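Student:
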Amino acid sequence: MPPFAAVTIMNKEHRQTLLRGLRDAIPRLESGPPGSETRRRANEEISKNLQQIKALLYGDGDPLPEVIAQLAQETYTTDLLHLLVQNIVHVVQIFNNLLRRQIGTRWPTVEYLSGKPEVVFSTLAGYENEEIALNTGMILKEMLRHEQLAKILLYSDKFYNKNYDRFFSSYTTLILSENYVTKRQSLKLLGEILLDRANFNMMMNLLRDKSKNIQFEAFHVFKVFVANPKKPPQIENILRRNQEKLLVFLKNFHNDKEDEQFSDEKQFLIVQIQGL
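Here the numbering used here is used: the first residue of the sequence shown is 1274, the next is one more, and so on.
1. On the criterion of 16 or more Cβ atoms from any shown chain inside 10 Å, does residue 1396 qualify as buried, or is it exposed?
2. Can you list, in chain order, the residues of its chain with a C-beta nearer than 7 Å to that of residue 1351? Leave out the 5 residues immediately preceding and following it.
3. Relative to the alpha-carbon of residue 1567, which residue among 1549, 1301 and 1409 has its alpha-carbon at the smallest distance?
4. By the DSSP assignment, the alpha helix (DSSP H) with residue 1537 in it spans what residues?
5. Could you give the distance in angstroms between the alpha-carbon of residue 1408 and the alpha-carbon of residue 1447?
6. For the stretch 1479-1496 against the stretch 1506-1518, are there 3 or more C-beta pairs whose distance is under 8 Å?
7. Is it the case that the Cβ atoms of residue 1319 and residue 1298 are separated by a distance below 7 Å?
8. DSSP three-state label for residue 1313, please.
9. Kindly indicate which three-state DSSP category residue 1405 falls into: helix, strand or coil?
10. Could you check the C-alpha separation between residue 1527 and residue 1429 for me, to the nearest Å?
11. Return the residue from the list 1290, 1305 and 1501 that minimises the CA-CA distance to residue 1322.
12. Among 1539, 1529 and 1506, which has the Cα closest to the Cα of residue 1519?
13. With distance defined between alpha-carbon atoms, name the residue in 1453, 1497 and 1459 nearest to residue 1444.
14. In its own chain, which residues sit with a C-beta less than 7 Å from the C-beta of residue 1393, not counting the 5 before and 5 after it?
15. Just the Cα atoms here: how many angstroms apart are residue 1485 and residue 1366?
16. Give me the DSSP bridge partner(s) of residue 1376.
17. Please classify residue 1338: does DSSP put it in a helix, a strand, or coil?
18. So, is residue 1382 buried or exposed, given that buried needs 16 or more other C-beta atoms within 10 angstroms?
19. Pull up the distance between the alpha-carbon of residue 1479 and that of residue 1361, whole angstroms please.
20. According to DSSP, simplified to helix, strand and coil, what is residue 1496?
21. Between the Cα of residue 1214 and those of 1399, 1418 and 1420, spot the shortest distance and give me the residue it belongs to.
22. Evaluate residue 1342 with the Cβ neighbour count: other Cβ atoms within 10 Å of its Cβ, from every protein chain shown; 16 or more gives buried, anything less gives exposed.
23. Go ahead and label residue 1449 buried or exposed: buried means 16 or more other beta carbons lie within 10 angstroms of its beta carbon, across all protein chains shown.
24. Please name the residue in 1537, 1474 and 1541 whose C-alpha comes closest to that of residue 1510.
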């Protein structure tokens, strides 16, 4: 047998071993209790095999067509695609279930991840790959329900690596879409962001900022809350509890500003608050 043919056969056997090893290891991810030796070894084997498969497909230079063909055929033969799809969902479910695990007032998984910020940033990096963004997004959303993990992300410079100008440009396109569902869901999300109670409390503080310019910008956010005909109950309760203070505050707010539109808007808010 020529040397080249022998190498080809050996490489084919290696690829078959990788794929079959991956197929056999995936079910073991759920064998035994969490943290067991069986699960740990399965996780290590899956990671190792996936890295080698990725190296074959995306290594130096373009992979040979016959390599891709053989990998594809072995994938079909082992029904690996079905297993991978099933377990992507399982991984998300397992991760999120562990995040929700609570013992008394403690959240053990959250405490563990607080000491492993690289996990949070790796999950965030998933948004850079559209093929896995939805899955990592579900995990990240569950993480950010916990203040400890949200702080890791929000207080890091890595949070600002995203292209916000591009994002909001694309988001504007969604809001202006001719498609009813797209427009409605985009506006709903924007409303949820603007009318979140945490944002309201922050905006109330900014109304009293020492900078008049910041006060003025906070006013434009404040009027969104007050003018909303379907105010969230929590927001309406805060406005009602602080009704007298707000009326006094608004009547003396930027009275030196010669802006007819601003004066009209301020008077409108005063009427709305009086009517609570």
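Just so it is clear, CB atoms sit at the ideal spot from N, CA and C, and this is done for glycine as well. A quick note: this is a predicted structure, and the numbers were derived from the prediction, not measured.
Tutor: In terms of the structure at hand:
1. buried
2. 1292, 1293 and 1296
3. Only positions 1274 to 1549 of the chain appear in this structure, which leaves residue 1567 out of reach.
4. 1533-1547
5. 22 Å
6. no
7. yes
8. helix
9. coil
10. 36 Å
11. It is 1290.
12. It is 1539 whose Cα lies nearest to the Cα of residue 1519.
13. 1459
14. 1386, 1416, 1422, 1425 and 1426
15. 48 Å
16. 1379
17. Helix at residue 1338.
18. buried
19. Here the C-alpha atom of residue 1479 lies approximately 43 Å from the C-alpha atom of residue 1361.
20. helix
21. Residue 1214 lies beyond the range of the chain shown here (1274 to 1549); nothing can be said about it.
22. exposed
23. Looking at its Cβ environment, which holds fewer than 16 other Cβ atoms inside 10 Å, residue 1449 is exposed.
24. Distance from the Cα of residue 1510 is smallest, within the candidate group 1537, 1474 and 1541, for 1474.
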